Amino acid sequence: MSFTDLNLDPQLLKAITDCGYTEPTPIQAQAIPQALEGKDLIASAQTGTGKTAGFMLPALHKLATLKKGPKGSPRVLVLTPTRELASQVTDATRTYGKYLRVRSAVILGGTPYRDQFRALSQPLDLVVATPGRLIDHMDRGSIDLSRLEILVLDEADRMLDMGFKEDVERITKAAPADRQTLLFTATMDKTMADLAGRLLKDPVRIDIVGKKNTGEHIEQRLHVADNLHHKNKLLEHLVSDDELTQAIIFSATKRDADSLARDLSAKGHRAAALHGDMPQGARNRTLRDLRRGRIRLLVATDVAARGIDVAGISHVINFDLPKFAEDYVHRIGRTGRAGASGTAISFASRNDLTALQRIQRYIGKELPQHVVEGLEPAYKLDVRSSNRRPGSKNGQYRKGPGGGNGKPGYKGNGNSRYAGQKTSGTRSPRREPIIEYRSSSR
Ligand code: AMP
Numbered sequence: 003m004s005f006t007d008l009n010l011d012p013q014l015l016k017a018i019t020d021c022g023y024t025e026p027t028p029i030q031a032q033a034i035p036q037a038l039e040g041k042d043l044i045a046s047a048q049t050g051t052g053k054t055a056g057f058m059l060p061a062l063h064k065l066a067t068l069k070k071g072p073k074g075s076p077r078v079l080v081l082t083p084t085r086e087l088a089s090q091v092t093d094a095t096r097t098y099g100k101y102l103r104v105r106s107a108v109i110l111g112g113t114p115y116r117d118q119f120r121a122l123s124q125p126l127d128l129v130v131a132t133p134g135r136l137i138d139h140m141d142r143g144s145i146d147l148s149r150l151e152i153l154v155l156d157e158a159d160r161m162l163d164m165g166f167k168e169d170v171e172r173i174t175k176a177a178p179a180d181r182q183t184l185l186f187t188a189t190m191d192k193t194m195a196d197l198a199g200r201l202l203k204d205p206v207r208i209d210i211v212g213k214k215n216t217g218e219h220i221e222q223r224l225h226v227a228d229n230l231h232h233k234n235k236l237l238e239h240l241v242s243d244d245e246l247t248q249a250i251i252f253s254a255t256k257r258d259a260d261s262l263a264r265d266l267s268a269k270g271h272r273a274a275a276l277h278g279d280m281p282q283g284a285r286n287r288t289l290r291d292l293r294r295g296r297i298r299l300l301v302a303t304d305v306a307a308r309g310i311d312v313a314g315i316s317h318v319i320n321f322d323l324p325k326f327a328e329d330y331v332h333r334i335g336r337t338g339r340a341g342a343s344g345t346a347i348s349f350a351s352r353n354d355l356t357a358l359q360r361i362q363r364y365i366g367k368e369l370p371q372h373v374v375e376g377l378e379p380a381y382k383l384d385v386r387s388s389n390r391r392p393g394s395k396n397g398q399y400r401k402g403p404g405g406g407n408g409k410p411g412y413k414g415n416g417n418s419r420y421a422g423q424k425t426s427g428t429r430s431p432r433r434e435p436i437i438e439y440r441s442s443s444r
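The numbering of the sequence shown is my numbering, which starts it at 3 and goes up by one.
What follows is the structure in structure tokens.
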């Protein structure tokens, strides 16, 4: 299928050609024709699949028939869970809509109201918003959703996880009942199905789960770490590799992200932190510096890093494993963008065994264990059974404290005897909390 088969507005086709896209991705090929017919959609699609264009192209196509609307009353609303994702959706609006006269506004928490009031006091076609700030504007009467034609819920599962369920319901109630609703979610559990049942009318279900991007073009590997000191040594070794162009390093908490970024900077690396406690201006600056290559190592938390689409990210390093198995897939999707190859490296200690097993069940494969010479762990993790006592004889890798002798040699060869073996169990679509981090270990 080519984009010309989709009957999109010629100005959109021109913008798509400028982007260099040759054919629609599977989610686009399925979603765009249905959305253009005015159907409600529920699509299981993750970041990296081209989902943004999957909803933005039909929405812009509709806006191409210009009806000058009244002030502060958009025809299309895209709700996203995070400010970063909202910024990226806004970028997509500009990219795909550059030959159309679409008036858009972005309504985000953590940014000044003044500019938003100004934008909302003009005639508007499209608004991209995070739920909390949008509700504020609804309460202040500065936005009117009664003329909404298309409502997009992007990463709806994440919105529920972040506690936006009631906000989303309030927002949808303020929109006309005959609007079109396009819901995108990475996962489909009962809560999501219930919400979809209430918000969508006879929706077309698009499920590209079979083609779920679990990082086939991303080399994934595991380093067993004995303790924090060992993790730091491994990290030092990995970031000294010239093949690492840019990396996102994931930490469990905002505080850890700050302190790890500080440690790396003190060692002379171009490193910075990105997390939700930073003011929006600082977050935007950090992302811009990352895009421009001024930052090589970004230490981030899950929410802040979600949706980051920077082509230069060659590595993702899970300094701490994610709390939810599917966040692992989101994290590693920050590398290997647009078909490029990437490397995703996870650190795990014996305490992370359950977490690791859940991730492996979710992605349907075992992560090969790599060892850095001189930084061998004291024990090898046997991911196949969780009931082996740590330190039992069979699990023993070699004697001695973690951290090795501090003289790393070669990168692991991937020939672990565990590599490639299937775990039991099936891929679970449920969100399974896998570990609760107690107090920060740093
Ligand atoms: P998304 O899943 O929306 O975050 O998109 C992931 C990446 O795929 C973005 O960098 C898009 O620019 C890119 N992309 C979207 N559609 C296509 C396409 N049809 N062909 C090639 N790249 C695409």
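Backbone N, C-alpha and C fix where the C-beta goes; we use that ideal spot for every residue, glycine too. The structure displayed is predicted, hence computed values, not measured ones.
Start and end residues, beta strand (DSSP E) containing residue i
i, result
"Asp209", "206-209"
"Leu184", "182-187"
"Leu224", "220-226"
"Phe5", "Counting along the chain, Phe5 falls outside any beta strand (DSSP E), and DSSP gives it neither H nor E."
Cutoff 6 Å; reference residue i; Cβ partners in own chain excluding five residues on either side
i, result
"Gly405", "At Gly405, the pLDDT of 38 sits below 50, so the modelled position is not reliable; the number obtained from the coordinates is stated separately. Taken in chain order, the residues that qualify are His231, His232, Lys235."
"Leu246", "Ser316, His317"
"Lys269", "none"
"Thr113", "Gln282"
"His277", "Lys256, Ala259, Thr303, Ala306"
"Ala17", "Tyr98, Lys100, Tyr101"
"Asn9", "none"
"Leu147", "Ala176, Ala177"
"Gly408", "Unreliable placement is indicated for Gly408, whose pLDDT of 36 sits below 50; the coordinate value is still reported in the next sentence. The answer is none, since no qualifying residue turns up."
"Asp11", "His63, Ala66"
"Ser106", "Thr95, Leu128"
"Ala273", "Ala263, Leu266, Ser267, Leu299"
"Ile137", "Asp169"
"Leu292", "Leu300, Val312"
Same chain only: Cβ atoms within 7 Å of residue i, ignoring 5 sequence neighbours per side
i, result
"Phe321", "Lys233, Leu237, Ile251, Phe252, Ser253, Leu262, Phe349"
"Thr6", "Leu15"
"Arg336", "Ile250, Ala307, Ile310, Ile315, Val318"
"Pro133", "Leu81, Met161, Phe166, Asp169, Val170, Ile173"
"Pro72", "Pro125"
"Leu1", "This structure does not reach residue 1, given that the chain is present from 3 up to 444, and the question cannot be answered."
"Met3", "Glu25, Pro26, Ala31"
Residue i beta carbon near ligand 3 (any heavy atom closer than 6 Å)
i, result
"Thr84", "Annotation note on ligand 3: not contained in the displayed structure, which lists ligand 1 as its ligands."
Cut-off 8 Å between Cβ atoms - residues of its own chain near residue i, not counting five sequence neighbours on either side
i, result
"Arg308", "Thr49, Pro83, Thr84, Glu86, Leu87, Glu157, Arg160, His332"
"Ile29", "Ala45, Ala47, Thr51, Gly52, Lys53, Gly56, Ile208, Ile210"
Segment limits, alpha helix (DSSP H) that includes residue i
i, result
"Ser267", "256-268"
"Gly199", "192-201"
"Val241", "230-241"
Nearest-angstrom Cβ-Cβ length linking residue i and residue j, presumed shorter than 8 Å
i, j, result
"His225", "Ile347", "6 Å"
"Leu38", "Pro60", "5 Å"
"Phe119", "Ser144", "6 Å"
"Leu110", "Gly74", "About 16 Å; that fails the 8 Å criterion."
Cβ contact check for the region 311-327 and the region 350-369: 3 or more pairs under 8 Å: yes
Which runs of the alpha helix (DSSP H) fall wholly inside the region 70-148 and span at least 4 residues, in chain order? 85-98, 115-122, 133-142
In chain order, what are the residue ranges of uninterrupted alpha helix (DSSP H) at least 4 long that sit wholly in the region 270-342? The alpha helix (DSSP H) runs lying completely inside the region 270-342 and spanning 4 residues or more are 282-293, 304-307, 327-334, given in chain order.
Are the region 138-157 and the region 180-196 in contact at 8 Å, needing three or more beta carbon pairs? yes
Where are the alpha helix (DSSP H) runs, 4 residues long or more, that stay fully inside the region 16-71, in chain order? Segments of the alpha helix (DSSP H) lying fully in the region 16-71: 28-38, 53-66.
Are the region 38-56 and the region 125-134 in contact at 8 Å, needing three or more beta carbon pairs? no
Assess, as a yes-or-no matter, whether the region 98-110 is touched by the region 62-76 under the definition of 3 or more beta carbon pairs within less than 8 Å. Contact annotation: the region 62-76 touches the region 98-110, with at least three C-beta pairs closer than 8 Å.
Quick check on the DSSP output: what are the complete alpha helix (DSSP H) runs of length 4 or more inside the region 152-181, in order along the chain? 158-163, 167-176
Taking the runs of the alpha helix (DSSP H) that are 4 residues or longer, which of them lie wholly in the region 347-386? 355-365
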